[in-house]
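Chemist: Would you mind keeping the following structure in view while I ask a few things?
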């Protein structure tokens, strides 16, 4: 645990990082900030002294402490609109990543460790420990390990996407794959389309690219085509990012009709589409894919293994036009001196090829199907209703009782050490105040429902 | 091995990627390109047909093939000055990464696998296979694994750099660490200083950030202070990146006096310094460090484990001001959803703590010290002379016989499957035509010296 002094230091650093305290500006008074932080004045003195020793702030005799002037970078958190911290995408990501393992996290985006195919993974790690010296020592080729790419090529083919290993590039993570694609295709000031709601980290990622985000309402059949058409005409965006199957956060799946219309519009408006497809293996059966319909021409497919196999063995991939893959390799060499860890690719390939892994996924799909209904019923008892019942996966996108402010509810829940994901975190238009995303795999603790109920009441 | 058809496809993709063939422009004729590539016309027809099927090019009846129009991204290789491919930094990186394991690679930047502490690594991998389910399954906290950061904190302290674990951030690689720092601190159009010569991938990395590169001549005691001062006054660069100890490619080490002057100038001109310090463990004893003199105020320290332990278990780190670390975490979450693989951090920590690793490094330093002299003598016999004898490490930066064009020599050597690193790859001013960097660890094959001799003669 952090000491109180460190908590105060951290709070000041955040204010400096976000620009809430500008360079040269005076810091809160010691007494005032002690009251705010509910610590003793001597704790604040200690914290300010240590920050001064770090050069982050400096003392002026008989006047107080001031933020240092020099070399302040533009912090990412200062780039977007100023949001309450509970609905700042970065804040939610950091909260769920850093919450202690025991804290209930209905707002987080992954399954409990005990639900992951850890036995297959351990076998794969042991096998990798016997790999040859070269695999264990070298950077690996610029296209990274062939076995995993061939495996992915076959898997994509089963989904109707013909991509030889030369059209696939392994990356450090799924997010890293999207980031590389954005670096290739976007320039600051470009416009990009996202679903409203969408996976919150897309907004953080685009903010890092200094591009303008335009939201398109999402329906149970995919993006609202009329609104998509309007946005295309009005904003002339360069690209659109979406999840076609088991959309995050709604759990919806695009229909074949909507998928066809999206691609027709994309062709007319010369739009590039990133299909972030990390929930494929949670589907009961294969649904329409933009990448399959389009043949990986203007659609770029992103994947990762973090949801199904391990988020600790980091690796993702891009499947795209070969000329784009070539350009992405150059970017990957420049920014990472090559691809992801060859050791990680070896471990993943071994685990994915393991018979135990396939059985595990079958059982997990069955388990989650039951659980989605069970959690939906339990949420219903406290007045929270799913927007739709998804075909698969572990998310339920829910409507809160009318007028409930999800951000206020998340704040109240956090006071009880429960991490939630309120609707507006996912909403570029901030129009999802009374929605909440729940992870059914993280709701086994029976104390969660009463805690949710209390948090709702506290949020009025 | 690639088929001939694939080689032709690849060649065309490069031309498209680099902009050598612009969108809509006609491709080389089938007969002409067959002659250029030394393949049969039917191979070119096959390649063009396959590229057309991919949508990269298209056929016009009775006219030939044309580059497709739509959505062409700006390839990284088209951003910088157009260089001969042998001295294009990206090309050299990709050549050495992709060369087959058996090919002699005096130009590459790593030691043979047999020289790495693979036994310690295997033990560490086996131990990691027994880690708890959470470590094997989860993303890990935003500051990544505490044990490795604490280890690094102690190691930095031994080097006179006081950095608590809160001032250290683990990253996907050393290059990724530099890239994140650049994303935080640079905007397109900014100016940055590099040493001339410098590690070639710095140039590729900065190109990806669309900033202007200014070179400062490097002397055996560090950067040329007068020229540094001139560059600071003239260009007002935002940052300077350098290696203080065992500088790449020269092997030189900065003197205390030059280090002090660099920091004094940095303070006057409000310059941020990135000290990329990946060769520390190859030093016989500790030399001056900008990060230590400066106390990590305006100096940012970068490190990695790729040269000493494994380039396959990818991980790097940044040590910097705590407010910058906070801002870097936000960027890392946005672009990679968290830090490097917790599994990788666990493996590295275990291997670094292994007694076998320390003994291995001691023996390796002794081995390399002898080898630097041996290789210097052998190079001397064919007229190639080290610029200085480095205190440690595995590079020898050498002067070729007067008038020898290093790029031409590298081209001739490549025809014999020997990968070299000609001087101008490292030189932003392109003033190092008659220099060459040799990796003494990659020169065990006695056939290399005659091959070098032939390549030099061929280069005239």
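Protein chains in written order, with UniProt numbering: chain A, 1 to 460; chain B, 1 to 460. Quick reminder that beta carbons are idealized off the backbone N, C-alpha and C, glycines included.
1) Excluding the 5 residues preceding and the 5 following residue 255 of chain A in the sequence, name in chain order all residues of the same chain whose CB lies nearer than 8 Å to its CB.
2) Cα-Cα, which of A:390, A:403, A:360, A:346 is closest to residue 149 of chain A?
3) Out of curiosity, what's the CA-to-CA distance linking residue 6 of chain B and residue 405 of chain B?
4) Are at least three pairs of beta-carbons, each pair with one atom in the region 171-180 of chain B and one in the region 301-314 of chain B, less than 8 Å apart?
5) Using a cut-off of 8 Å between C-beta atoms, extract the partners of residue 176 of chain A located in chain B.
6) Can you give me, in chain order, the residues of the region 91-105 of chain A that have a beta carbon less than 7 Å from any beta carbon in chain B?
7) Among A:357, A:414, A:310, which residue has its Cα nearest to the Cα of residue 132 of chain B?
8) So, for residue 165 of chain A: in the same chain, excluding its five sequence neighbours on each side, which residues have a beta-carbon less than 7 Å away from its beta-carbon?
9) In the DSSP assignment, find the unbroken beta strand (DSSP E) run with residue 397 of chain A in it and report its ends.
10) Between which residues of its own chain and residue 71 of chain B is the CB-CB distance below 7 Å, once the five residues before and five after are set aside?
11) To the nearest angstrom, report how far apart residue 385 of chain A and residue 252 of chain A are at their CA atoms.
12) Give, in chain order, every unbroken run of the beta strand (DSSP E) that is at least 3 residues long and sits entirely within the region 102-156 of chain A.
13) Which term fits residue 22 of chain A, buried or exposed, when burial requires 16 or more other beta carbons within 10 angstroms of its beta carbon?
14) Using a Cβ cut-off of 8 Å (strictly closer), state whether residue 71 of chain A contacts chain B.
15) If we count the other Cβ atoms within 10 Å of its Cβ and call it buried at 16 or more, is residue 417 of chain B buried or exposed?
16) Who does residue 58 of chain B pair with in a DSSP beta bridge?
17) Check this for me: beta carbons of residue 420 of chain B and residue 408 of chain B, under 8 Å apart or not?
18) Identify the continuous alpha helix (DSSP H) that holds residue 282 of chain A and give its terminal residues.
19) Please name the residue or residues paired with residue 168 of chain B in a DSSP beta bridge.
20) Kindly list the residues whose CB is nearer than 7 Å to the CB of residue 163 of chain B, restricted to its own chain and excluding five residues on each side of it in sequence; keep chain order.
21) Can you list, in chain order, the residues of the region 309-328 of chain A whose Cβ is nearer than 8 Å to any Cβ on chain B?
22) Starting from residue 215 of chain A, trace the beta strand (DSSP E) both ways and give me its first and last residue.
23) In this structure, how does DSSP classify residue 162 of chain B when only helix, strand and coil are distinguished?
24) Determine the burial state of residue 143 of chain B: buried for a count of at least 16 other Cβ atoms within 10 Å of its Cβ, exposed for fewer.
25) Of all the CB atoms in chain A, is at least one closer than 8 Å to the CB of residue 201 of chain B?
26) At which residues does the beta strand (DSSP E) containing residue 337 of chain A begin and terminate?
27) May I ask you to verify whether the region 210-218 of chain B touches the region 184-197 of chain B, counting CB pairs closer than 8 Å and requiring at least 3?
28) Which bits of chain A does residue 16 of chain B rub up against, with CB to CB less than 7 Å?
29) Checking contacts by CB at 8 Å: is residue 1 of chain A closer than that to chain B?
30) For a cutoff of 8 Å on Cβ pairs, would you count residue 5 of chain B as touching chain A?
31) Check whether chain B comes within 8 Å of residue 351 of chain A, counting only Cβ atoms and requiring the distance to be less than that.
32) Are residue 422 of chain A and residue 138 of chain A touching if we call contact CB-CB under 8 Å?
33) Please report the straight-line C-alpha distance between residue 217 of chain A and residue 195 of chain A, rounded to a whole angstrom.
34) If you draw a straight line from the alpha carbon of residue 167 of chain B to that of residue 336 of chain B, how long is it in whole angstroms?
35) Report the residue from A:129, A:134, A:98 whose alpha carbon sits nearest the alpha carbon of residue 114 of chain B.
36) Report the partner residues of residue 239 of chain B according to the DSSP bridge assignment.
Modeler: Quick answer:
1) 221, 222, 288
2) A:346
3) 31 Å
4) yes
5) 172, 335, 336
6) 93, 94, 97, 98, 101
7) A:310
8) 146, 149, 150, 153
9) 395-399
10) Low local confidence applies: a pLDDT of 47 at residue 71 of chain B is under 50, so the model's placement there is unreliable, and no value is given.
11) 15 Å
12) none
13) exposed
14) Its pLDDT being 47, under 50, residue 71 of chain A is placed unreliably in this model, and the coordinates cannot settle the point.
15) exposed
16) B:66
17) no
18) Per DSSP, residue 282 of chain A belongs to no alpha helix (DSSP H) and is neither H nor E.
19) B:319
20) 153, 156, 296, 319
21) 310, 311, 312, 313, 314, 321, 322, 323, 324, 326, 327
22) 212-219
23) coil
24) buried
25) yes
26) First-last for residue 337 of chain A: undefined, no H or E at that position.
27) yes
28) 323
29) At residue 1 of chain A, the pLDDT of 39 sits below 50, so the modelled position is not reliable and the matter cannot be decided from this model.
30) no
31) no
32) no
33) 6 Å
34) 20 Å
35) A:134
36) B:192, B:272
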